Amino acid sequence: MKSPQTYIKSRYQDTRITTIFFSPAALSAFFHFQSTTIMFLFGFSAIAFATLAIVSAFQNPASSVRQEVLVQPPQPYDFAYKTADDRGTRQHRTESADSSGTVTGSYGYVDPFGMYRRVEYVADVDGYRTTVHSNEPGMTSNGAANAAYFVEVPPPAIVAQGLAYLKPVQEAQL
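Taking our numbering, the leading residue of the sequence shown gets -11, the next gets one more, and so forth.
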């Protein structure tokens, strides 16, 4: 339990702190400081802007910095490649562009079991459009990303491989 003197002393100090921070005089001084700071910054900005406007008005337009951008019409091109790894997976890509800027191409892969994915695409003034051909297990033709999906039945070897994972594992007998 606090003694009466301690309670009165701590009560007085709390009141004095409240009076200092929340008295009308302190609040008006705080807001006066804020408004004069804002007015100073606004005045400084106006003076700086006026100075730049005057300097730029007398600048020689021929000496100003200019950047020229060379815009060339689209150039037609064609490229293609095919690769195969030592396990039998083959990948491919082809792409071509015409003089109007339309780009068409395809890319994809075929694995040793016959599972494949081939994506054909067109990029032109109407945007980027794709068509996906695949026989991957679990692939659906849900039309994600505005792509057309053509899904086929997976190869039998892939189905058998997937079913092998579903067989229960025999526990080792000790």
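Idealized CB from N, CA, C, for every residue including glycine.
The structure presented is a predicted model; accordingly, all values stated were derived computationally and were not measured.
Item	Value
Would you decide whether Y153 is buried or exposed? Buried here means 16 or more other CB atoms lie within 10 Å of its CB.	exposed
Any idea which residues DSSP pairs V110 with across the strands?	T92 and R117
In angstroms, rounded to a whole number, what distance separates the CA positions of V147 and F138?	19 Å
Ordered along the chain, which non-local residues of its own chain (more than five positions away) have a Cβ less than 8 Å from that of T71?	R78, Q79 and H80
On the three-state DSSP scale, how would you describe Q79?	strand
Since V59 is in the alpha helix (DSSP H), which residue starts that stretch and which ends it?	Element bounds for V59: n/a, residue is neither H nor E.
On the CB-based measure, 16 or more other CB atoms within 10 Å of its CB, does V141 come out buried or exposed?	exposed
Would you kindly work out how many angstroms separate the C-alpha atoms of A68 and V57, rounded to a whole number?	31 Å
Consult DSSP for A72 and reduce its assignment to one of helix, strand or coil.	strand
If you drop the 5 nearest sequence neighbours on each side, which residues of the same chain put their C-beta closer than 6 Å to that of A136?	T119
In angstroms with no decimal places, state the Cα-to-Cα distance between A34 and V59.	39 Å
Can you pull the DSSP bridge partners for D66?	S84
So the candidates are G126, D112 and D73; which of them puts its Cα closest to the Cα of S88?	D112
With the cut-off set at 8 Å, would you say Y104 and G96 are in Cβ contact?	yes
From the DSSP output, in three-state form, read off A169 for me.	No information on residue 169 is available, as it lies outside the stretch -11 to 162 that the chain covers here.
Kindly indicate which residue of V91, R106, R117 and D114 has the alpha-carbon position closest to the one of M127.	R106
Grouping DSSP H, G and I as helix and E and B as strand, with all else coil, what is V147?	helix
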